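This report refers to the structure that appears directly beneath it.
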Amino acid sequence: MKTFQADGFPKLLVTAAALSLTVLPLSGCGMFGASWDVKLEVLGDGGADIGYAFSGDNGGKTERGEALPWSKTQNVGFGFNDVGVADAAPGTSCRIYVDGKLRDEQRGPDADGRLSCSVNLQD
């Protein structure tokens, strides 16, 4: 097999590296399938502990003692998107918007100060 050189590096290796740097980030945001802009939102007074996960996350994230209102937005592919609230004051609510449209809303935490919202994005 004949190898071609470009500034001391095989052209094939340089091309493969450039292609992977281009394709991998695009696949994570749904470029090879559907994608949606998802906004997680928690409204209320005071603060709360908030756990959340977007489609494609390898586990959720937790933010403790967050001041309300709180929100996070991300472009995602297929899968589950959720937000959970703990130590929430009465009147706290959570919402999930998909491409600007309200898809789930829960109002008022339970007796333990918890509530959650979830949306499963499919084709």
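Residue numbers (our numbering): -9 to 113. Yeah, the Cβ is synthetic: ideal placement off N, Cα and C, and Gly gets one too. Since this is a predicted model, take the numbers as computed values, not measurements.
- In the structure shown, Arg104 adopts coil according to DSSP, grouped into three states.
- Burial is judged here by how many other beta carbons sit within 10 angstroms of a residue's own beta carbon; Thr82 has at least 16 and is buried.
- About 4 Å separates the beta carbons of Val73 and Leu30, which is inside the 8 Å limit, making them a contact pair.
- Within its own chain, the residues whose Cβ lies closer than 6 Å to the Cβ of Leu33, once the five positions on either side in sequence are excluded, are Pro59 and Ser83, listed in chain order.
- Counting the other CB atoms within 10 Å of its CB gives Pro80 a total below 16, which places it among the exposed residues.
- Shortest Cα-Cα distance from Ala78 to any of Gly23, Gly37 and Val28 involves Gly37.
- Ser83 carries a strand assignment under DSSP once its states are collapsed to helix, strand and coil.
- Counting the other Cβ atoms within 10 Å of the Cβ of Asn71 gives 16 or more, which makes it buried.
- In this structure, Arg93 lies near Ile86, with their beta-carbon atoms less than 9 Å apart.
- In its chain, beyond the 5 residues on either side, Val66, Gly67, Phe68, Gly69, Phe70, Asn71 and Leu111 have a beta carbon closer than 7 Å to the beta carbon of Ser45.
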